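First to last, the protein sequences are chains A and B.
The numbers in the numbering used here rise by one with no breaks, and the one at position 127 of the first sequence is 127.
The numbers in the numbering used here rise by one with no breaks, and the one at position 160 of the second sequence is 291.
Virtual Cβ for every residue (Gly too), placed ideally from N, Cα, C.
Source: prediction; values computed, not measured.
This report refers to the structure that appears directly beneath it.
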Amino acid sequence: MSDIPENLKYTRDHEWIAETDDGTAVVGITDHAQEALGDLVFVELPEMHRDVETGDVCAVVESVKAASDVYSPVAGNIAEVNLALDESPELVNADPYGEGWLFRMTPASPADLEELLDAQAYERVLAEMDD
Amino acid sequence: MSELKRTPLHAAHLKAGARMAPFAGWRMPVAYGSQIDEHHAVRRTAGMFDVSHMTIVDAAGPGAKAYLQRLLANDVARLDRRRGRFDCTALYSCMLDDRGGILDDLIVYRFAGDSYRLIVNAGTRDKDLAWLDDQVAGFNVDLTERKDLAMIAVQGPEARRVVAPLAPGEADVGALLPFTAVHAGGWMLARTGYTGEDGLEIMLPEQQAEAFWDALREHGVVPCGLGARDTLRLEAGMNLYGQDMDESVTPLECGLKWTVDFGGDRGFTGRRALEERLRAGASRVQAGLILQGRGVLRSGYPVASPAGEGVVTSGTFSPTLGRAIALARVPAGTGNPCHVFIRGRKLPVRVVKPPFVRNGSILVDLEPDD
Chain A
1 MSDIPENLKY TRDHEWIAET DDGTAVVGIT DHAQEALGDL VFVELPEMHR DVETGDVCAV
61 VESVKAASDV YSPVAGNIAE VNLALDESPE LVNADPYGEG WLFRMTPASP ADLEELLDAQ
121 AYERVLAEMD D
Chain B
132 MSELKRTPLH AAHLKAGARM APFAGWRMPV AYGSQIDEHH AVRRTAGMFD VSHMTIVDAA
192 GPGAKAYLQR LLANDVARLD RRRGRFDCTA LYSCMLDDRG GILDDLIVYR FAGDSYRLIV
252 NAGTRDKDLA WLDDQVAGFN VDLTERKDLA MIAVQGPEAR RVVAPLAPGE ADVGALLPFT
312 AVHAGGWMLA RTGYTGEDGL EIMLPEQQAE AFWDALREHG VVPCGLGARD TLRLEAGMNL
372 YGQDMDESVT PLECGLKWTV DFGGDRGFTG RRALEERLRA GASRVQAGLI LQGRGVLRSG
432 YPVASPAGEG VVTSGTFSPT LGRAIALARV PAGTGNPCHV FIRGRKLPVR VVKPPFVRNG
492 SILVDLEPDD
């Protein structure tokens, strides 16, 4: 069973979003996503300070098996990217909710974050996929 | 959509926590944990693959040799020469249509006398069986599909040492030469494989498969899925049917000219078409590619060089090289410099002659001086 922390927000595309005290949001892929992809060998991170709309492809995670797009969960601006993934993409497998974070963004409208799925809703998304 | 087939090792895969996926009509293990760890196990010690989905066909009878000499682009007469003290020998070959297009690639084993065994791909089973039946007219040969056999590949530098005490007593796998096999106690153990490492492909009665699999596990052999099988064969420069070759491609265009035996006047199917192409000169050839920067090469990516445009037929991340590698179909004369396009970006690749890796060693120059 994959790990779905209670304190995070989620998308149907298997991304997680952590709201932080300074108003930015950290984005990564879920435990389910990293498990489905298998060993990650390359992460293409977004350009710094790029403006993104909700649903824009802003990163690509590649495992040995497949390349998978990562979408911006909300509109905003890219504030920081996880440069450690350049050398160690496997951090996403080992610690998807921690050291394997992908990027940090400043949401254009913080209220948009409220529209995202909570842990229970994301768990239902996964359960529906199994049916 | 018909029900996916399960191999005799299905329960063993689930027990081992395999991630299962559909493959060529079968439910097969993709990986049991990290496919990169599985890959390294085969390069460094020993790994095992359930390849029971592959199709095994026995061809026996006084006309079997003549039949296979017409059916296959390589010449089964080569199997008549004993290798060492082994009279069971193996040969890799393409099976062509009249236009020289590749219907499938296969391994053919010759047993004593007039008896042969073909191992063909799972994804081409129906097409192959129909073709084999169709071509049999006029030859005195019986074809039998061996659904009663399971097949396990044990691959890696320690594979034969580990298998030796677990195989039927009279099977001396330690003494086997490459591309030879022994038959013992209803098992066939062949020193062949699809990884670029030493090892065995073992056909055995399906009822015995799970006990053998469990015994191998207890002896430290690492279960490996289709994911590792693909990265291993690609590093070894071996083609995958349906990806690096199909009916639209002849052996001349996918690096398999060496498997076609033009000796004598043997009238194998597709010969005339291949000879015409040889006279004209092949316009497309196979090349190996190594991505110079970070990223992963994937099948379908466009390739460009001063010689013209080509396409990646198989690409992956090579765990042994720590770089992305690929097999590509490119214009004859393609060399360096060369580029691929990944999501619209033009990135430099180095053109090399496969294989990339054999027997644990990197065979290509990663940091060339030029």
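is_contact[E35 (chain A), chain B] using C-beta, thresh 9 Å: Closer than 9 Å to some Cβ of chain B, the Cβ of E35 (chain A) qualifies, so yes.
Supposed close pair A79 (chain A), M105 (chain A) - CB separation, criterion 8 Å: The Cβ separation is near 6 Å, so the contact holds.
Short Cβ contact (9 Å threshold) for A457 (chain B) with L422 (chain B): For A457 (chain B) and L422 (chain B), yes; Cβs fall inside 9 Å.
Cβ pair G446 (chain B), R429 (chain B) closer than 9 Å: Here G446 (chain B) is near R429 (chain B), since their CB atoms are less than 9 Å apart.
Cβ neighbour criterion (16 or more within 10 Å) applied to A111 (chain A): Classification for A111 (chain A): exposed.
For E169 (chain B), the nearest candidate out of B:N490, B:V461, B:G431 and B:R360 (CA to CA): Ranking the options by Cα distance to E169 (chain B), first place goes to B:R360.
Positions along the stretch 24-51 of chain A whose CB lies within less than 7 Å of some CB in chain B: Taking 7 Å as the Cβ-Cβ cut-off against chain B, the residues of the stretch 24-51 of chain A that qualify are G38, D39, V41 and F42.
C-beta neighbour in chain B for N82 (chain A), strict 9 Å: For N82 (chain A), no CB of chain B lies under 9 Å from its own CB, so it is not counted at the interface with that chain.
4 or more residues per run - each alpha helix (DSSP H) lying fully within the stretch 53-115 of chain A: Runs found: 84-87 and 91-94.
From A:V64, A:P73 and A:D3, residue whose alpha carbon lies closest to that of A162 (chain B): Just measuring C-alpha positions, the residue of A:V64, A:P73 and A:D3 sitting nearest A162 (chain B) is A:V64.
Three or more C-beta pairs below 8 Å linking the stretch 289-297 of chain B and the stretch 238-249 of chain B: Verdict: no, contact absent.
Any C-beta of chain A under 9 Å from that of G394 (chain B): No, G394 (chain B) lies away from the interface with chain A (no Cβ there is under 9 Å from its Cβ).
The stretch 197-213 of chain B touching the stretch 357-371 of chain B, judged by at least three CB pairs closer than 8 Å: Inter-segment contact for the stretch 197-213 of chain B and the stretch 357-371 of chain B is absent: fewer than three beta-carbon pairs are separated by less than 8 Å.
Inter-stretch contact at 8 Å, needing at least 3 Cβ pairs: the stretch 212-226 of chain B / the stretch 383-392 of chain B: At 8 Å Cβ cutoff, the stretches touch.
Status (buried if at least 16 other CB within 10 Å, exposed otherwise) for N370 (chain B): Buried, since its Cβ has 16 or more Cβ neighbours within 10 Å.
Three-state secondary structure (DSSP) of I421 (chain B): Strand, per DSSP.
Residue closest to V251 (chain B), alpha-carbon to alpha-carbon, out of B:D189, B:V304 and B:A306: Per the Cα distances, B:D189.
Any chain B beta carbon closer than 9 Å to D86 (chain A): Chain B places a beta carbon closer than 9 Å to that of D86 (chain A), counting this residue as a contact.
Where R162 (chain B) falls: helix, strand or coil (DSSP): Contrary to the premise, residue 162 (chain B) reads as Ala rather than Arg in this sequence. Look at A162 (chain B) here: in three-state DSSP terms it is strand.
For A312 (chain B) and Y574 (chain B), the rounded distance between their alpha carbons: With chain B covering 132 to 501 only, the question about residue 574 (chain B) has no answer from this structure.
Rounded distance between the beta-carbons of P499 (chain B) and R474 (chain B), thought under 8 Å: Contact check for R474 (chain B) and P499 (chain B): beta-carbon distance about 26 Å, past the 8 Å limit, so the pair fails to qualify.
Among B:A172, B:R397 and B:S183, nearest to A253 (chain B) - alpha-carbon criterion: Answer by Cα proximity: B:S183.
Beta carbon proximity, V70 (chain A) to chain B, threshold 9 Å: Chain B, which has no Cβ nearer than 9 Å to the Cβ of V70 (chain A), makes this no.
Exposed unless 16 or more other CB atoms sit within 10 angstroms - verdict on A261 (chain B): The residue in question, A261 (chain B), is exposed, as its Cβ has fewer than 16 Cβ neighbours within 10 Å.
DSSP state of D236 (chain B) mapped onto helix, strand, coil: Residue state, collapsed to three classes: strand.
Nearest-angstrom Cα separation, counted from M334 (chain B) out to G287 (chain B): Near 18 Å, if we compare the C-alpha coordinates of M334 (chain B) and G287 (chain B).
Which of helix, strand or coil DSSP assigns to P382 (chain B): The three-state reading of DSSP puts P382 (chain B) in helix, counting H, G and I together.
Simplified DSSP assignment, three categories, for V483 (chain B): V483 (chain B) carries a strand assignment under DSSP once its states are collapsed to helix, strand and coil.
Residues from the stretch 156-167 of chain B in contact with chain A, defined by Cβ distance under 7 Å: Across the stretch 156-167 of chain B, CB contacts with chain A closer than 7 Å involve A162, S165, Q166 and I167, in sequence order along the chain.
Given M319 (chain B) as reference, the closest of B:T326, B:P336, B:P309 and B:L478 once Cα atoms are compared: Per the C-alpha coordinates, the member of B:T326, B:P336, B:P309 and B:L478 positioned closest to M319 (chain B) is B:P336.
Contact residues within the stretch 436-450 of chain B, judged by C-beta distance below 8 Å to chain A: Flagged, chain order: T447, F448 and P450.
Local Cβ density within 10 Å of L249 (chain B), reported as buried at 16 or more and exposed below that: Residue environment: L249 (chain B) is assigned as buried (16 or more neighbouring CB atoms within 10 Å of its CB, all protein chains considered).
Residues that R429 (chain B) contacts on chain A, provided the C-beta gap is smaller than 9 Å: At a C-beta separation below 9 Å, R429 (chain B) has these neighbours in chain A: E62, A66 and A67.
Member of B:N467, B:D229, B:A290 and B:G453 whose CA lies at the smallest distance from the CA of R348 (chain B): Nearest option by C-alpha distance: B:A290.
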